[in-house]
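Numbered according to the working numbering, the sequence shown terminates at residue 971, and the numbering increases by one at each position without gaps. Just below is one structure, and these are the notes that go with it.
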Amino acid sequence: MTEETFSAVLSGVRALSRRPTLFFGGLGEPLAHPRLPDMVAAGKAAGARIELVTNGTLLSRELGRELAEAGLDLLWVSLDGVAPDRYGDPRPGHALQDVVENVRRLQDLPCTRLPEIGVAFVAKRSNVRELPSVLRLSRDVGATRFHVSHLWVHTEEMLAEALYSQTLVPEPPRRDARCPFVAADAVAVAWDGSVAPCLPLLRSSTSFLNGAERVARRWSLGNVRERSLADLWEDPEMRAFRERVKAFRFSPCASCGSCSIAYTNEDDCFGNPFPTCGGCLWAHGLIACP
682 MTEETFSAVL
692 SGVRALSRRP
702 TLFFGGLGEP
712 LAHPRLPDMV
722 AAGKAAGARI
732 ELVTNGTLLS
742 RELGRELAEA
752 GLDLLWVSLD
762 GVAPDRYGDP
772 RPGHALQDVV
782 ENVRRLQDLP
792 CTRLPEIGVA
802 FVAKRSNVRE
812 LPSVLRLSRD
822 VGATRFHVSH
832 LWVHTEEMLA
842 EALYSQTLVP
852 EPPRRDARCP
862 FVAADAVAVA
872 WDGSVAPCLP
882 LLRSSTSFLN
892 GAERVARRWS
902 LGNVRERSLA
912 DLWEDPEMRA
922 FRERVKAFRF
932 SPCASCGSCS
942 IAYTNEDDCF
952 GNPFPTCGGC
962 LWAHGLIACP
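Shown next, in the form of structure tokens:
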């Protein structure tokens, strides 16, 4: 994300009537951004609470000190196990020890105010038995929060790791489905400034629903470099979408999956227009973000 794009985000934050949370993460590694401490400091100056999620591999003592001094409120660290050969599929086994030491060092920083530490755990068939050990390790590194999510299965090879086959819904429509993003009055902003009402719609993606591939097309109503966050938030199309999601009268695609309509978010058999949310695993509570 460029400085100009982030400045546009901050303009929107400053215009809000209540203190928001500015969360760095969701798609990508925040610590890879060379100006992250400056962005955290600018977000705090704009009146926001600042949180971020990281895999922890880049969390050096110096970067940790810069983030603490910038005013970071909550640092989520992704720990998917305690056995080196199971720790985070895309990361090398030796990274676990490095990450644990990186987080431990935060407690010894000479700062008047340290960020709260949270640990995020993605449960899979290969690591779910390590959950108690990860909880103990979390306390050892000073974590005060813990978060568990199912695995977001987005390749066929990952299907064997999923701890669920489908959502358990007794009869359609599911009335207890709840979008965590719409419920929190959230918006998601991509690196290029495009705005979506939730993280899943920020980009086109592939997932697997009831063993079959489901393709969800991205949906953005505009860009913060061209329209203010307030203007995008009040856009009639965005408002109408939020109302549909709050009512959640979408087809029960996550539990049904009996027709081809279930495997896109284009429309559904209840007549809802794009984007539809009946197959969204976030709304059904299977996938969660810290």
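C-beta atoms are modelled at their ideal positions from N, C-alpha and C, and glycine is treated no differently.
C-alpha gap between residue i and residue j, whole angstroms
i	j	result
residue 687	residue 908	13 Å
residue 728	residue 695	7 Å
residue 903	residue 919	10 Å
residue 905	residue 916	13 Å
residue 720	residue 900	26 Å
residue 709	residue 835	15 Å
residue 957	residue 832	22 Å
residue 851	residue 950	Low per-residue confidence applies at residue 851: pLDDT is 48, beneath 50, and the placement is therefore not dependable enough to give any value.
residue 737	residue 718	15 Å
residue 943	residue 891	10 Å
residue 972	residue 896	As shown, the chain starts at 682 and ends at 971. That puts residue 972 outside it, with no answer to give.
residue 730	residue 818	27 Å
residue 886	residue 946	11 Å
residue 810	residue 792	37 Å
residue 955	residue 925	11 Å
residue 725	residue 716	14 Å
residue 884	residue 838	21 Å
residue 777	residue 824	16 Å
residue 882	residue 822	34 Å
Identity of the residues DSSP links to residue i by a beta bridge
i	result
residue 731	703
residue 831	804
residue 945	896
residue 757	734, 799
residue 869	877
Host beta strand (DSSP E) of residue i (start-end)
i	result
residue 894	893-897
residue 889	886-890
residue 664	Any answer about residue 664 is impossible in this case: the structure gives the chain only from 682 up to 971.
residue 877	875-877
Terminal residues of the alpha helix (DSSP H) in which residue i lies
i	result
residue 685	684-695
residue 818	812-821
residue 744	742-751
residue 914	910-914
residue 780	776-787
residue 924	917-928
residue 863	861-864
Neighbour-count burial assignment, residue i, 16 or more Cβ in a 10 Å radius
i	result
residue 875	buried
residue 735	buried
residue 971	buried
residue 749	buried
residue 872	exposed
residue 862	buried
residue 929	buried
residue 684	exposed
residue 941	exposed
residue 869	buried
residue 952	exposed
residue 840	exposed
residue 939	exposed
residue 878	buried
Interface flag, residue i vs chain C, CB-CB below 9 Å
i	result
residue 928	The structure shown has no chain C; it contains just one protein chain.
### Query
Is the region 738-748 touching the region 779-792 in the sense that three or more CB pairs, one from each, lie closer than 8 Å?
yes
### Task
Could you say if the region 800-808 and the region 753-763 meet the contact criterion of at least three C-beta pairs nearer than 8 Å?
Yes, the region 800-808 touches the region 753-763.
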